[in-house]
Amino acid sequence: VGLPPPSRRRVKIRGCDTELACVLISGGKSHNRAAHPGIEVLKRMFPQVSSVPFCGACALSKSNPQPYKGELPRVPYVGHTIHSDLLGRISPPSLGGAKYYLKLTDDYSRFKMVYIIKNKYDTFDAIKHFLNEVKQKHGTKVKIPVNNNGGEYLSRQLQNLLEENGIKMILTTPYSPQHNPISERGN
1 VGLPPPSRRR VKIRGCDTEL ACVLISGGKS HNRAAHPGIE VLKRMFPQVS
51 SVPFCGACAL SKSNPQPYKG ELPRVPYVGH TIHSDLLGRI SPPSLGGAKY
101 YLKLTDDYSR FKMVYIIKNK YDTFDAIKHF LNEVKQKHGT KVKIPVNNNG
151 GEYLSRQLQN LLEENGIKMI LTTPYSPQHN PISERGN
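Take the sequence shown: its position 130, counting from 1, is numbered 130 in UniProt numbering, and each next residue is one higher.
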């Protein structure tokens, strides 16, 4: 439907009756064009609309994430499963220039170890140091590190280190802290 040019006189568009134009617009189109109002508002705006079909955009905007009910099984000994989280960019940086910190939490004892690091790529050195420390202090090897799928955990260098030591990494869903609650507690 075209709009007449702005003027003081009325312009009749040939072959177009106003009532007919209103009838031709469906409830779904009216709903979309009026910025997705509810059915009651839509009926007040367009009395001839009786129903509105399913609107995917409205359904998506009303959706809520389901609560996460998963629980990780308890592990048999210290060092078996380690949960890690890299936090930062810290502002202002530390006196030594560190902008990040890596927090590693043992699943069995809930003991936390924190490494203050300057850059994200220093994560590899911190994890390597931690693996050696667990082996020396407890005589055990880390079996499963649980990480949040961040790029710092996906480096080829870290993958090779874990592979050489027979360690299988578990990556949680990105942007889902509820999948790694042990690591997220205490942040």
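Just so you know, even glycine gets a beta-carbon here, dropped at the ideal spot from N, CA and C.
- Which whole-angstrom value is the C-beta distance of ILE82 and TYR101, which I expect to be below 8 Å? Here the question's residue 82 lines up with position 82 in the sequence shown. Here the question's residue 101 lines up with position 101 in the sequence shown. That belief does not hold up - the Cβ atoms of ILE82 and TYR101 are roughly 16 Å apart, past 8 Å.
- Item | Contact under 8 Å by Cβ, LYS103 with LYS118 | Stepping through the sequence shown from its first residue, residue 103 is reached at position 103. Stepping through the sequence shown from its first residue, residue 118 is reached at position 118. Cβ distance not < 8 Å, so LYS103 and LYS118 don't count as in contact.
- Task: Please name the residue, chosen from SER155, ASN147, PHE124, that lies closest to ASP85 on a Cα-to-Cα basis.
- Result: In the sequence shown, counting from the first residue as 1, residue 85 sits at position 85. It is ASN147.
- What did DSSP end up calling TYR77 once you bin it into helix, strand or coil? Here residue 77 corresponds to residue number 77 of the sequence shown, with the count starting at 1. Reduced to three states, the DSSP call for TYR77 is coil.
- Task: With a floor of 3 residues, list each beta strand (DSSP E) that falls wholly inside the segment 33 to 105, ordered by position along the chain.
- Result: 81 to 88
- Item | Per-residue burial, PRO145 [other beta carbons within 10 Å of its own, 16 or more giving buried] | Taking the first residue of the sequence shown as position 1, residue 145 is located at position 145. Buried is the call here.
- Task: My understanding is that LEU131 touches ASN165, with C-beta atoms under 8 Å, so please give their C-beta distance in whole angstroms.
- Result: If you number the sequence shown from 1, residue 131 lands on position 131. If you number the sequence shown from 1, residue 165 lands on position 165. 7 Å between Cβ atoms; contact.
- Task: Taking VAL142 as part of the alpha helix (DSSP H), name the residues at either end of that continuous run.
- Result: Position 142 of the sequence shown, counted from the start, is the residue given in the question as residue 142. From DSSP, VAL142 is part of no alpha helix (DSSP H); its letter is neither H nor E.
- Opening and closing residue of the beta strand (DSSP E) in which ILE116 lies: As a working note, residue 116 is residue 116 in the sequence shown. ILE116 -> beta strand (DSSP E) spans 112 to 117.
- Compute the beta-carbon to beta-carbon distance between residue 188 and PRO177, rounded to the nearest angstrom, for a pair I have assumed lies under 8 Å. Residue 188 falls outside the range modelled here, since the chain spans only 1 to 187, and no answer is possible.
- Residue(s) in a DSSP beta bridge with ILE170: What you label residue 170 is simply residue 170 of the sequence shown in a count that begins at 1. DSSP, once it has assigned bridges, lists VAL146 as partnering ILE170.
- Query: Beta carbon of LEU42, beta carbon of VAL52: below 8 Å?
  - Reply: Mapped onto the sequence shown, residue 42 falls at position 42. Mapped onto the sequence shown, residue 52 falls at position 52. A contact, by the Cβ cut-off of 8 Å.
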